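So the protein sequences, as listed, match chains C and E. Note that my numbering has the first sequence beginning at 290, numbered continuously upward. Note that my numbering has the second sequence beginning at 749, numbered continuously upward. Don't be surprised by glycine CBs; every beta carbon is placed ideally from N, CA and C. Bear in mind that the values here come from a model prediction, so they are computed numbers and not experimental data. Beneath this line is the structure, given in structure tokens, with notes to follow.
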Amino acid sequence: MAGEILEYAVRGVPIGCVFALMAVGLVLTYKTSGVFNLAFAAQAYTSAVVFYEVRKEHEWPLLPAALLAVVVVAPLIGVILDRFLYRYQRTAGSLAKLITSLGLLVAIPEIVRLIFGSGSKKNPPALWWVKRTDDFLWPQGSRFVLDAGQIATLAFTAIAVTGLAIMFSRGGIGLRMRAVVESPRLVQLQGIDASRVSLASWMLSSLLAGLAGVLIAPLFAQLNSLDFFTLLVAAIAACVIGSLTNIVATFIGGIGLGILQAELAGFLPTDSILATGLRPGLPFLVLFGLLLFRRSARTSHEVTDPLSGVDPPPPPPAASLRPSWMTMGTRVFAVTVAVLGLVLALFVLDEFWLSVVTSGVVLAVVLLSIVLTTGVGGTISLSQAAFAAIGAFTTAQLTTNFNLSVLVAMVAGALVAAAVGAVLSLPIIRLAGIYPALATLAFALMFENVLAPLSWVSGGATPLTVPRPLVGPIDFAGNRAFLLLSVGILAVLSVAVIMIRQGTTGRFLDAIRESEPAASAVGINPIRPRLVAFVAGAGVAGFGGGLVASFNGQANYAANFTFYLGLVWLVLVITAGFRSVQAAIISGIFFYVLPQLLDRLFRWPGNYLTSNPEVSGVTKSVLDFIEPEWSLGVAFILFGFGALTYAKHPEGIIEAQTTKSIRKVLGWIDKARGKGPTPASEQLVTQVGGGR
Amino acid sequence: MTAGNAMLGNGQIGSVLVANHIDKRFEGIAALSDVSVHLEPGELVALIGPNGAGKTTLFNCLSGVLRPNSGQILLKGRDLSGLAAHERARLGLARTFQRMELFGSLTVREHLFVAHRAQRRGASLWRDLTGRSRPTPQEREQCDAVLELVGLGDHADRPAHSLTLGTGRVVELARALVCDPELLFLDEPSSGLDHRETEHMGTVLEQVRAERGTTILLCEHDVAFVERLASRTYVLDCGKLIAEGPTAEALASPQVRTAYLGAGAA
Ligand SMILES: Nc1ncnc2c1ncn2[C@@H]1O[C@H](COP(=O)(O)OP(=O)(O)OP(=O)(O)O)[C@@H](O)[C@H]1O
Ligand SMILES: [Mg+2]
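Right, dumping it as structure tokens:
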């Protein structure tokens, strides 16, 4: 027994080391630049791919391959991120920085796939002098035998730890970095060069992430960016063990998690529900448990975000700037455009484009949930796709097993999703700062890895079918009819979201967001309205999920509801403006239309070459280079990069653009009248010293 | 010993607020030690003390933002311990903040509506969805009355982020008043204001007390302001009450002179 415990522990240490390396990187950048850089998962994936390419495809020797992947590429990404991105966000709030990292998490894997091709990368090599991980085993014949991958992990972690220890104790930049990590405020007062410390820590932590990526790769049958997200959750759990401050505790926490995981794997019977559920779910459960019991996670950003500035007050909403005649005008215009668009979709588009647009409208229903939860409720939730999946699975189960009518099943799906949201929200809503985002990320990944594959949840490997609605004599089986139905549902839910936003709940939420102490001082419960918005958001997502399933004829998790898709949706809506319903609708349609447009664009060179075979030389090679398969990847990269605008325009680019146009129009009017500023534009002048 | 010292910790039955033996430590630093205060109906009492004396900490303990390490707080005889800030607010305890806390994107009138609604009706998703969340005529009337009282009528429809500091402090006061509080805590309402604005604030406070009879605890640095308004004064230094009594007496006591001017001056 004791021997077994030890044996499993030894097996768990290497993976624990990987968690620990990643976690230390997260803490380093968080404390030196205020960025909780979720994109380290993508950076780890990048280094793993680079190592795979040069080592396996191009058969480089170990040393140059490792140097390129870990010592050159990984820190280089860190330098780029710090110098070209985060440097300009130094005073931004922690949320803006987190959202930037979410955008990178979406974009970087797609860039890697563009560069290295999307072919499957099977059997990633170990960071060792052998071709296959089991070509080298040590100590031979012992029960504690380790393979090349595990040995490499132990060896390189030992090197990394020694390096860090020397750096942090010997003075120079390392000591300054440690000073910043341990006591950022004090350091700011003493005037340590924050810019250099930030650069150094970005390089160092990116190197650690790259190393972690290369080390963990041999555990996977093939390289897939999604697996690296799961690694992220374990690393986050380790960070929370160290309270996002203590590097040593973080490191030990990471290794402890690895050991705990291995013990569970060893002792739980392999076919039990506990083994299939608990083991992969462990990091999520640990993270959740920690967040529940850590009081520091509940106190305000002062404590959790030493470096981040206070989020700047949002610019005045565009609607408050314009005179009422202009508001009327815009509304009339918007309705006209919507009606014209619908007529166009119904009578002009062919079946293909009709289904593209319908997908967009259906998705917009799910995206409304982001407006409700995040825009109105103020909780960054990474689990909206999971709620949509819950709605879809419920709809599918009810229609398949109980012959329930689809629309009724969708409502049931919404209720189940809302119920799950309610249970989840109890711990999450009380969390402050970036913790709700981390907690929902943990839930979403647990859902993806543990719950979604279960047959009582999703129906198992083959997706359950879902019919299209049939209401009395009206059959929505046809695409045109379904589009009309979806537009109707979208309109009703949009109005509902607007009513909540403008109603008392919305006002209370505004008050809580602007100043929680003042809100509770006038008697507003700072938890309840946020909880209501979160649960309502989960419900809307669940309903939208049912609709998605019905449109596609099946509740297909991999195709429609993955964590990664949810991430893309979130950054898309945030970019467009997460408080506005229009932004959700435009995002939904854009999500499906942009890849199609890009596809047409990338197809054009090929078609051109086929019809003009005489073209040659550089033009030909350039045109030949462009692949139509790029479209989805390029679209996702654009979506991801879109999130980088958040720091500048937290209100969203649509809102920012509207404000700009209104100012311009008002300016023209003033000019045309040939007199001083009218009261309308006078409102724009913000007086000094007011508000926050 | 001043005459007032004999009364330390002795709230009477009819007191609006009685706080007994409040202790508050931050990581070992004693921010408040054994502080007892009581407030009688309709009184305007001042709380003064040098920077870092613990005045804001006392306000935070009383209003529920912080939990004291020990001590008892009674609002009209009701024990407040264990109640969160918003629950205390609904029992009639309103406050303003030293560092101004406004709802930047809301207009002045919306500030009052939100506060009024939070006190009395609360939010309901159902009412929002059925379009019954607009301010009622009665709510409008009461908010307008407060706007009138504090002289904010001209600014009612401006968003808070466009207001000057002076106006902002009056908005905080109005937001607290619309809750129709039993007891009002004002944390340095005159700080950052120029002479004219301070004058206006003083006038408004006098009016509030005259017209509504609200009990007020006022934390201030401006001694002239305190002398003008407060009938009684507590003096706090390094977390301890060092004097208490009618304003003139409290201000003249030797402990207070020592605290403010240093040991040599007494
Ligand atoms: N959240 C906190 N954590 C740690 N120490 C605190 C905290 N809040 C206040 N303190 C400390 O408690 C003491 C009292 O602070 P407090 O803000 O109550 O003083 P004050 O009398 O309001 O001063 P001022 O006149 O400057 O507003 C100070 O030493 C302060 O540093
Ligand atoms: Mg103070």
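| message | I'd like to confirm something about E/F774: is its beta-carbon nearer than 7 Å to some heavy atom of ligand 1, or not? | response | Yes, the beta carbon of E/F774 sits closer than 7 Å to at least one heavy atom of ligand 1.
| message | Rounded to whole angstroms, what is the Cα-Cα separation between C/A961 and E/T962? | response | A direct Cα-to-Cα measurement between C/A961 and E/T962 gives close to 53 Å.
| query | What's the C-alpha gap between E/L931 and E/P816? | reply | Linking E/L931 to E/P816 through their CA atoms gives a straight-line distance of about 19 Å.
| Based on Cα-Cα distance, which residue from C/L317, C/N326, C/L496 lies nearest to C/L357? | Nearest of C/L317, C/N326, C/L496 to C/L357, Cα basis: C/L496.
| Using a beta-carbon distance below 8 Å, is C/D799 in contact with chain E? | Yes, C/D799 counts as interfacial toward chain E.
| query | Are C/I679 and C/A706 closer than 8 Å when you measure CB to CB? | reply | In this structure, C/I679 places its C-beta atom within 8 Å of the C-beta atom of C/A706.
| field | Uninterrupted alpha helix (DSSP H) stretches inside the segment 653 to 741 of chain C (no shorter than 4 residues) | value | Secondary structure in the segment 653 to 741 of chain C: the alpha helix (DSSP H) runs of 4 residues or longer, each lying completely within the stretch, are 673 to 691, 695 to 717, 724 to 735 in chain order.
| query | Just to check, is the beta-carbon of C/K949 closer than 7 Å to a non-hydrogen atom of ligand 2? | reply | The nearest non-hydrogen atom of ligand 2 is 7 Å or more from the C-beta of C/K949.
| query | So which of C/Q885, C/T864, C/A711 has the shortest CA-CA distance to C/S876? | reply | Among C/Q885, C/T864, C/A711, the Cα nearest to that of C/S876 belongs to C/T864.
| said: For chain E, check one thing: does any of its Cβ atoms lie closer than 8 Å to the Cβ of C/A708? | reply: Judged by the 8 Å Cβ criterion, C/A708 is not in contact with chain E.
| field | Reduced DSSP category for C/T754 - H, G, I as helix; E, B as strand; rest coil | value | DSSP places C/T754 within a strand segment (E or B) once states are collapsed to three.
| Ends of the alpha helix (DSSP H) at C/E519? | Per the sequence presented here, residue 519 of chain C reads as Thr, with Glu not at that position. Element bounds for C/T519: 514 to 530.
| query | Below 8 Å between beta carbons: does that hold for C/K411 and C/Q511? | reply | Going by C-beta atoms, C/K411 is nearer than 8 Å to C/Q511.
| In chain order, what residues of the same chain lie with their CB nearer than 6 Å to the CB of C/P752, ignoring the 5 residues before and after it? | The answer, listed in chain order, is Q843, A844, N845.
| query | Are any of the Cβ atoms in chain E nearer than 8 Å to that of C/S597? | reply | Residue placement at C/S597 cannot be trusted, given a pLDDT of 40 that sits under 50; the coordinates are not used to answer.
| query | Between E/Q886 and chain C, is there a C-beta pair that is closer than 8 Å? | reply | With its beta carbon at least 8 Å from every one in chain C, E/Q886 lies outside the interface.
| request: Determine the DSSP secondary structure at C/T593, reduced to helix, strand or coil. | output: Caution is warranted here: a pLDDT of 36 is assigned to C/T593, below 50, making its placement in the model unreliable, and the coordinate value is therefore given only provisionally. Helix, per DSSP.
| query | Between the C-alpha atoms of C/A873 and C/M788, what's the straight-line distance to the nearest angstrom? | reply | One C-alpha to the other measures close to 16 Å.
| task | Answer with yes or no whether the minimum CB distance from E/H834 to chain C is below 8 Å. | result | It does; some Cβ of chain C falls within 8 Å.
| request: Could you name the residues of chain E that C/S818 contacts, counting a contact when the two beta carbons are closer than 7 Å? | output: The amino acid at residue 818 of chain C is misidentified as Ser; the sequence shows Pro. Think of a sphere of 7 Å around the beta carbon of C/P818: the chain E residues whose beta carbon falls inside it are A871, in chain order.
| field | Neighbourhood of C/L443 by C-beta distance below 8 Å, restricted to the same chain and skipping five residues each side | value | The answer, listed in chain order, is V302, P303, C306, L435.
| Per-residue DSSP class, three states only, for C/W418 | Correct three-state label for C/W418: coil.
| Contacts around C/G857, its chain only, beta-carbon distance under 8 Å, and the 5 residues preceding and following it disregarded | What sits at residue 857 of chain C in the sequence shown is Val, not Gly. Closer than 8 Å at Cβ, skipping near neighbours: V395, F880, F925, F928, G929.
| Taking any Cβ of chain E, which residues in the segment 716 to 739 of chain C have a Cβ under 7 Å from it, in chain order? | If the cut-off is 7 Å between Cβ atoms, the segment 716 to 739 of chain C has nothing near chain E.
| What is the rounded straight-line gap between the Cα of C/G835 and the Cα of C/V700? | Roughly 8 Å between the two C-alpha positions.
| Distance CB(E/V974)-CB(E/L925) smaller than 8 Å | In this structure, E/V974 lies away from E/L925, with their beta-carbon atoms at least 8 Å apart.
| request: Kindly provide the chain-ordered list of residues whose Cβ lies closer than 7 Å to any non-hydrogen atom of ligand 2. | output: Sorted by chain position, residues whose beta-carbon lies closer than 7 Å to a non-hydrogen atom of ligand 2 are E/K803, E/T804, E/Q846, E/D935, E/E936, E/C967.
| Are any of the Cβ atoms in chain C nearer than 8 Å to that of E/V862? | Yes, its Cβ sits closer than 8 Å to a Cβ of chain C.
| request: Find out if the Cβ-Cβ distance for the pair C/F797, E/V919 is shorter than 8 Å. | output: Taking 8 Å as the cut-off, the beta carbon of C/F797 is found no closer than this to the beta carbon of E/V919.
| field | Cβ neighbours of C/M492 in the same chain (closer than 7 Å, five flanking residues each side left out) | value | Residues P364, G367, V368 of the same chain have their beta carbon placed closer than 7 Å to that of C/M492, with the five preceding and five following residues left out of the count.
| request: Check whether the Cβ atoms of C/V786 and C/G710 lie closer than 8 Å to each other. | output: Judged by their CB atoms, C/V786 and C/G710 are not nearer to each other than the 8 Å cut-off.
| message | Checking 8 Å against the spacing of the C-beta atoms, do C/A527 and C/T539 come in under that value? | response | Inclusion of C/A527 and C/T539 in the CB contact set at 8 Å is warranted, their separation being smaller than that value.
| Would you say E/L854 reaches chain C, if we count a Cβ-Cβ gap shorter than 8 Å as a contact? | It does; some Cβ of chain C falls within 8 Å.
| task | Compute the beta-carbon to beta-carbon distance between E/I796 and E/V783, rounded to the nearest angstrom, for a pair I have assumed lies under 8 Å. | result | Separation of the CB atoms of E/I796 and E/V783 is rounded to 14 Å, and the pair is thereby denied contact status at 8 Å.
| query | What is the C-beta distance between E/P937 and E/R917, in whole angstroms, given that I count them as a contact (C-beta under 8 Å)? | reply | With a contact defined as Cβ atoms closer than 8 Å, E/P937 and E/R917 qualify at about 6 Å.
| query | Based on the DSSP secondary-structure assignment, which residues constitute the bridge partners of C/W427? | reply | Looking at the DSSP assignment, C/W427 forms a beta bridge with C/L435.
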